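To start, the structure itself, in structure tokens.
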Amino acid sequence: MPVVDLAATSRRALNAMLHALPPDTNETHWQVANPEGGHAIAAGLDAPVTVEIRGHVGYYCGGMNKRATIVVDGNAGTGVAENMMSGEIRVKGDASQSAGATGRGGLLVIEGSAAARCGISMKGIDIVVKGSIGPMSAFMAQRGNLVVFGDAGETLGDSIYEARLFVRGAVKSLGADCVEKAMGAEERGLLAGLLQRAGLYGAASPDEFRLYGSARRLYHFHVDNADAY
Amino acid sequence: MDPMPPAAHTRPRFSATFDPYTISEIQRAAATGIYDIRGGGSKRRLPHFDDLLFLGASISRYPLEGYRERCGTDVVLGTRFAKTPIRLRIPVTIAGMSFGALSAQAKEALGRGATAAGTSTTTGDGGMTREERGHSKTLVYQVLPSRYGMNPDDLRAADAVEIVVGQGAKPGGGGMLLGQKISARVAEMRDLPEGIDQRSACRHPDWTGPDDLEIKIEEIREITDWEKPIYVKVGASRPYYDTALAVKAGADVVVLDGMQGGTAATQEIFIEHVGLPILASIRPAVQALQDLGMHRKVQLVVSGGIRNGADVAKALALGADAVAIGTAALIALGDNDPRLEAEYEKLGTTAGAYDDWHEGRDPAGITTQDPALAARLDPVKAGRRLANYLAVLTLEAQTIARACGKSHLHNLEPEDLVALTIEAAAMARVPLAGTDWIPGRSSF
Amino acid sequence: MCGIVGLFLKNPALEPALGAHLAGMLGVLSDRGPDSAGFAVYGAGEPDHVKLTLRMTGAGDSRPFVEAFAAEIRMPVQVTQRRTHLVISVPSDMAEPAARAIAARPDELQVVGTGRRMELYKEVGLPTRVAEDFGLAAMAGTHGIGHTRMATESAVTTAGAHPFSTGPDQCLVHNGSLSNHNNVRRVLLREGIAFATENDSEVAAGYLTWRMREGASLGEALEAALSDLDGFYTFVVGTESGFAVLRDPISCKPAVMAETDDYVAFGSEYRALAGLPGIEAAHLFEPEPATVYAWQRH
Chain A
1 MPVVDLAATS RRALNAMLHA LPPDTNETHW QVANPEGGHA IAAGLDAPVT VEIRGHVGYY
61 CGGMNKRATI VVDGNAGTGV AENMMSGEIR VKGDASQSAG ATGRGGLLVI EGSAAARCGI
121 SMKGIDIVVK GSIGPMSAFM AQRGNLVVFG DAGETLGDSI YEARLFVRGA VKSLGADCVE
181 KAMGAEERGL LAGLLQRAGL YGAASPDEFR LYGSARRLYH FHVDNADAY
Chain B
1 MDPMPPAAHT RPRFSATFDP YTISEIQRAA ATGIYDIRGG GSKRRLPHFD DLLFLGASIS
61 RYPLEGYRER CGTDVVLGTR FAKTPIRLRI PVTIAGMSFG ALSAQAKEAL GRGATAAGTS
121 TTTGDGGMTR EERGHSKTLV YQVLPSRYGM NPDDLRAADA VEIVVGQGAK PGGGGMLLGQ
181 KISARVAEMR DLPEGIDQRS ACRHPDWTGP DDLEIKIEEI REITDWEKPI YVKVGASRPY
241 YDTALAVKAG ADVVVLDGMQ GGTAATQEIF IEHVGLPILA SIRPAVQALQ DLGMHRKVQL
301 VVSGGIRNGA DVAKALALGA DAVAIGTAAL IALGDNDPRL EAEYEKLGTT AGAYDDWHEG
361 RDPAGITTQD PALAARLDPV KAGRRLANYL AVLTLEAQTI ARACGKSHLH NLEPEDLVAL
421 TIEAAAMARV PLAGTDWIPG RSSF
Chain C
1 MCGIVGLFLK NPALEPALGA HLAGMLGVLS DRGPDSAGFA VYGAGEPDHV KLTLRMTGAG
61 DSRPFVEAFA AEIRMPVQVT QRRTHLVISV PSDMAEPAAR AIAARPDELQ VVGTGRRMEL
121 YKEVGLPTRV AEDFGLAAMA GTHGIGHTRM ATESAVTTAG AHPFSTGPDQ CLVHNGSLSN
181 HNNVRRVLLR EGIAFATEND SEVAAGYLTW RMREGASLGE ALEAALSDLD GFYTFVVGTE
241 SGFAVLRDPI SCKPAVMAET DDYVAFGSEY RALAGLPGIE AAHLFEPEPA TVYAWQRH
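Chains as they are written, first to last, in UniProt numbering: chain A, 1 to 229; chain B, 1 to 444; chain C, 1 to 298.
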């Protein structure tokens, strides 16, 4: 198993090695030591490999990931998994703001909590947060699912489109056009599947969550809703 | 003594403050409760390149022979950090315009025309289409606050990346695309429900400010293996600071868009009252580059109201490395064509004034997603018209440059210019014609 | 636009190493702010004495001033010189004549900070260099804050570098950009707060000084800032015995904090905290928007 020590090897060299991997590579498991909060670690990967990062990472870890599995054994800075397309990113600690921003696919699991703007502009990604999420999360969330075991901060789901938000704990406040919705069998099944994929099935029952989504009142401009714009 | 003349009727007098257009706007607002939305850039009279003149050569300077003596037009963008800079035959590029705002046919035509002329096109707020990638030899991929259609494969397939912070029509504002234009394909590309009024964000979701922009640029360089130039585009409002900060954050190219620059759809009040005309923006931006020792090392592309070769030459003389065109390119494709007058009338407008690009009913098939309307635009013929127009812009700019004795467009200087008005002299920092007076000259 | 750091020690055993830790934190954030850097350290203070940190703007030789000054106040003056900065310690009742003597030499000297315990240093250049030049790593103290600056709208000058101090033992560093600082500055000028620069962050410092002068606690002053200061900001503030953090309601600018039994630390990014002792076991968190965090020494 290749081990790359970022105290000795540059981030540029690490990413170049990972980008150069052919789809059928035998080097499918990588370890990265001493990330020390560095930025853009394992960004832009496009190969079915696992990269395990031992320590805290800075901004944009696993940015625009495709197919790779990235495990951060520590905290992640701003924009972890930003615009992820596919694959999986797992943060064992906490994530800073804008986790999973604009992500279009794949699964982001945060075992700790996520700060403000978790899932902002999400476009199809699935995000599972075992702790709580900060304010302004799922702002303009377009597609995909956000599952939160803990609480959600202020203005959850402001200007939300078709994303689904499952929250087990308290929601401090809902943003414009975000409402609680009845959870049917379909949503319950979807949530169960997400918990399974995140390896958290059994940690909570789907029945403990409440579902939030778009009231669709802002989909077409109406003068009486002008305050919400 | 003559009798008093009979009292005449008072002739109707319109207020200069409450002119007929203003009155109609108040009435429209009262009736609908929504601000006016339209496409295009500022329509009001603004200080512009027309108020500048070139000093042709005579005895003290020697002109070059038109058509025979060389006058180079090529430009290289992105020489600072990128492994593969952009090489263009002409310093006129096509500005970012989204698929969604424009039809797929229009995007293809832009690609065809630009490629024939040896220049680049730019994607827009809505992702990269196969039409434009397929037909553009050099394609700049925009990274916008909305990140619609953002995709690392497209990022790697692009020739350069442009991080859009703002645009001249609406510095500080977000995007809009109204329901009429969110067709199934546009919706799919943007991950949105079909037919809704889309309002996009004004700030990027994962960074704000120059210190974080620096980290964002670093990420995009990492993802693209430091190959592609990274442009940063700003709407002109504080061009000195914004240019300096883009450079500090690591940009290879700064794109500066004046308030005449168009938009697919924005509030009229925003278009007409926020930002600076391009004439007032170039010198502060160039000053910032010079103060940092980066003029010509970080290239400056300017846009907003470029119409002819004189505008191109003037922008270059003021210190830009290239210009970008949007509205003019659409007109070249066939926008506002007087042959469609009957149809414009049905839309309540007239050829030359049509700006309801957001409604998606463009009879020219350019700013629409209606398949029947879009099919009216022949991408091959429209591309050819654009290529012709780009060739004329270039020939005109060369004509002026040769007259000023320049064997390359980039050798034009501010000292080749004078201004016709005090305003233009102050904004362009060139002397008022016939004097050595540059009003308001002071450092920033 | 910048990187900011702060370190507030709970365990006195760490005090000799305060400067060393602060220097490390500052150096890491050089790329967030390569234009200039500055820091304030709350070290030892003598009873009934005031320390004035002065920046020499003219030639490097401070002796003529010190001699003249000592003669003026008729007593020997304690001076420590660190590169371009002088720290002079005078009895509290001599603070005013001292300030007058300095004010009489505007072309040579500028007061960057005063206080019983605070010393404040700032200079243009790469943060690592600035910290080295002033010997930050060897400084001891109970708490300190620091800043690396990427200048936005105001000039890259030493005066424009952070921290800003507008009151005794008070200083502030800022990451972000205020949008109503010109109006607030006009109000504060009328209230008698003096400003040395056009910088938005100095207005924030002056605002807190004004509020505290009017009787507010540091926490109350920061609460009030939430409604009076508009724009984007993360502030880290030091007073003689306190240390506080505030983020604006939108909180776009990054902020990470670490707390252990030994210290509270602030960094714009985690990287800045990575070298602190016991960081692996620290409670790491991001300060909430529009929430005042304040610590006091007892």
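Every residue gets a Cβ at the ideal spot worked out from N, C-alpha and C, and that includes glycine. Please read these numbers as outputs of a predicted model, since none were measured by experiment.
Requested in this report: Out of C:I4, C:G3 and C:L9, point me to the one whose CA is closest to C:P277's CA.
Outcome: For the purposes of this step, residue 277 of chain C is taken as the residue at position 277 of the third sequence. Nearest option by C-alpha distance: C:L9.
Requested in this report: Just the chain A side, please: which residues come within less than 7 Å of B:I223 by C-beta, in chain order?
Outcome: Counting from one through the second sequence, the residue named residue 223 of chain B turns up at place 223. Result: A43, G44, G63 and M64.
Report task. Quick one: which unbroken beta strand (DSSP E) runs of 3-plus residues sit fully inside the region 70 to 142 of chain C? Chain order, please. Result -> 78 to 82, 85 to 91, 109 to 115 and 118 to 124
Query raised in the report: Considering C:L172, what are the terminal residues of the alpha helix (DSSP H) in which it resides?
Result: Here residue 172 of chain C refers to the residue found at position 172 of the third sequence. C:L172 -> not in any alpha helix (DSSP H); beta strand (DSSP E) instead, spanning Q170 to L178.
Query raised in the report: Near B:L88, what residues of its chain come up, given a Cβ to Cβ distance below 8 Å and the 5 sequence neighbours on each side ignored?
Result: Locating residue 88 of chain B in the second sequence gives position 88, where the first residue counts as 1. So the list reads D74, V75, V76, L77, G118, T119, S120, T138 and A322, once near-sequence residues are dropped.
**Report entry** CB of C:A20 within 9 Å of CB of A:G37, strictly
**Finding:** In the third sequence, residue 20 of chain C corresponds to position 20, counting from 1. In the first sequence, residue 37 of chain A corresponds to position 37, counting from 1. C:A20 is not a Cβ neighbour of A:G37, given a cutoff of 9 Å.
Report task. Look up B:F49 in the DSSP assignment and say whether it is helix, strand or coil. Result -> For the purposes of this step, residue 49 of chain B is taken as the residue at position 49 of the second sequence. DSSP places B:F49 in the helix class (H, G or I) of the three-state scheme.
Query raised in the report: With 9 Å set as the bound, which would you pick, yes or no: does the beta-carbon of C:P254 sit closer than that to a beta-carbon of chain A?
Result: Translated into positions along the third sequence, residue 254 of chain C becomes position 254. Yes, because at least one Cβ of chain A sits closer than 9 Å to the Cβ of C:P254.
Query raised in the report: Where do the ends of the beta strand (DSSP E) carrying B:W207 lie?
Result: On the second sequence, residue 207 of chain B is found 207 positions in, with the first residue counted as 1. No beta strand (DSSP E) holds B:W207; DSSP gives it neither H nor E.
Query raised in the report: Would you report the Cα separation of C:H283 and A:T28, rounded to the nearest angstrom?
Result: Numbered from 1 along the third sequence, position 283 holds the residue referred to as residue 283 of chain C. Numbered from 1 along the first sequence, position 28 holds the residue referred to as residue 28 of chain A. Distance between the alpha carbons of C:H283 and A:T28: 34 Å.
Query raised in the report: Hey, does A:K123 have any beta-carbon neighbour from chain B nearer than 9 Å?
Result: As a first step, residue 123 of chain A must be located in the first sequence, where it is residue number 123. The beta carbon of A:K123 sits closer than 9 Å to some beta carbon of chain B.
Query raised in the report: Going along the region 78 to 90 of chain A in order, which residues come within less than 9 Å of chain B, judged by CB to CB distance?
Result: T78, G79, E82, N83 and M85
Query - Cβ neighbour criterion (16 or more within 10 Å) applied to B:P91 - result: Mapped onto the second sequence, residue 91 of chain B falls at position 91. Result: buried.
**Report entry** Within chain A, partners of residue 449 of chain B - CB distance below 7 Å
**Finding:** This structure cannot speak to residue 449 of chain B, because chain B is shown only from 1 to 444.
**Report entry** chain B within 9 Å of A:H19, Cβ atoms only
**Finding:** Stepping through the first sequence from its first residue, residue 19 of chain A is reached at position 19. True, the Cβ-Cβ gap to chain B drops below 9 Å.
Query raised in the report: Is B:F444 helix, strand or coil by DSSP?
Result: Residue mapping note: residue 444 of chain B aligns to position 444 of the second sequence, counting from 1. Residue confidence for B:F444 is low, a pLDDT of 44 falling below 50, so the modelled location carries little weight; the figure read from the coordinates is stated next. Coil, per DSSP.
Query - Neighbourhood of C:Q296 by C-beta, 7 Å cutoff - its chain only, sequence neighbours within 5 removed - result: One-based indexing of the third sequence puts residue 296 of chain C at position 296. Contacts found: S241 and G242.
Report task. Give a yes or no on whether the minimum CB-CB distance between C:E123 and chain A is below 9 Å. Result -> In the third sequence, counting from the first residue as 1, residue 123 of chain C sits at position 123. Not one chain A Cβ lies under 9 Å of C:E123.
Requested in this report: Please name the residue, chosen from C:T80, C:R129, C:M56 and C:A244, that lies closest to C:A172 on a Cα-to-Cα basis.
Outcome: Taking the third sequence and counting its residues from 1, the one referred to as residue 172 of chain C is at position 172. For the record, residue 172 of chain C in the displayed sequence is Leu; it is not Ala. The shortest Cα separation from C:L172 among C:T80, C:R129, C:M56 and C:A244 belongs to C:A244.
Report task. Tell me, please, which residues DSSP counts as bridged to C:F39. Result -> Working through the third sequence from its first residue, we reach residue 39 of chain C at position 39. DSSP output for C:F39 lists C:Y121 and C:G146 as bridge partner(s).
Query - When B:T115, B:K170 and B:I196 are compared against B:C202, the one with the closest alpha-carbon - result: The residue labelled residue 202 of chain B in the question sits at position 202 within the second sequence. If we check each option's Cα against that of B:C202, B:K170 comes out closest.
Query raised in the report: Hey, does residue 447 of chain B have any beta-carbon neighbour from chain C nearer than 9 Å?
Result: The question about residue 447 of chain B has no answer here: the residues shown for chain B are numbered 1 through 444.
Query raised in the report: Near B:A428, which residues of its chain fall below 7 Å by C-beta distance, leaving aside the five closest residues on each side in sequence?
Result: Along the second sequence, read from residue 1 onward, the residue named residue 428 of chain B stands at position 428. Excluding positions up to five away in sequence, the list reads L52, L279, R283, L318, L417 and A419.
Query raised in the report: Does the region 203 to 220 of chain B come close enough to the region 58 to 69 of chain A to have 3 or more Cβ pairs within less than 8 Å?
Result: With the cut-off at 8 Å, the region 203 to 220 of chain B and the region 58 to 69 of chain A touch.
**Report entry** Unbroken beta strand (DSSP E) run spanning C:F235, endpoints
**Finding:** Translated into positions along the third sequence, residue 235 of chain C becomes position 235. Residues G231 to G238.
Query - Residues from the region 141 to 156 of chain C in contact with chain B, defined by Cβ distance under 7 Å - result: M150, T152 and E153
Requested in this report: Could you name the residues that DSSP lists as bridge partners for B:E162?
Outcome: The sequence position of residue 162 of chain B within the second sequence is 162, counting from 1. Partner(s): B:Q142 and B:Y231.
Requested in this report: Would you kindly work out how many angstroms separate the C-alpha atoms of B:H273 and B:F18, rounded to a whole number?
Outcome: Looking up residue 273 of chain B in the second sequence gives position 273. Looking up residue 18 of chain B in the second sequence gives position 18. Distance between the alpha carbons of B:H273 and B:F18 is about 17 Å.
Requested in this report: Report the neighbours of C:S177 on chain B: residues whose CB is nearer than 7 Å to its CB, in chain order.
Outcome: Taking the third sequence and counting its residues from 1, the one referred to as residue 177 of chain C is at position 177. Scanning chain B for C-beta atoms nearer than 7 Å to the C-beta of C:S177 yields G209, reported in chain order.
Query - Neighbouring residues, chain B, relative to A:A16 (Cβ below 7 Å) - result: As a working note, residue 16 of chain A is residue 16 in the first sequence. Neighbours of A:A16 on chain B, chain order: D225.
Requested in this report: Please look up how many angstroms separate the CB atoms of C:A131 and C:A137, rounded, as I've assumed it's under 8 Å.
Outcome: The sequence position of residue 131 of chain C within the third sequence is 131, counting from 1. The sequence position of residue 137 of chain C within the third sequence is 137, counting from 1. Contact holds; Cβ gap of about 7 Å.
Query raised in the report: Taking a cut of 8 Å between CB atoms, which residues from the region 95 to 107 of chain A lie near chain E?
Result: No chain E appears in this structure, whose protein chains are A, B and C.
Query raised in the report: For B:V430, which of helix, strand or coil comes out of DSSP?
Result: Position 430 of the second sequence holds residue 430 of chain B. In the three-state DSSP reduction, B:V430 falls in the coil class, being neither helix nor strand.
Report task. Measuring only between beta-carbons, confirm whether B:G39 sits less than 9 Å from chain A. Result -> Position 39 of the second sequence, counting from 1, holds the residue named residue 39 of chain B. Not one chain A Cβ lies under 9 Å of B:G39.
Query raised in the report: Between which two residues does the beta strand (DSSP E) containing B:D257 stretch?
Result: The residue labelled residue 257 of chain B in the question sits at position 257 within the second sequence. Note, B:D257: beta strand (DSSP E), V253 to D257.
Query raised in the report: Quick one: what's got a C-beta closer than 8 Å to C:D107's C-beta in the same chain, skipping five residues either side?
Result: Here residue 107 of chain C refers to the residue found at position 107 when the third sequence is read from its first residue. The residues are T57 and G58.
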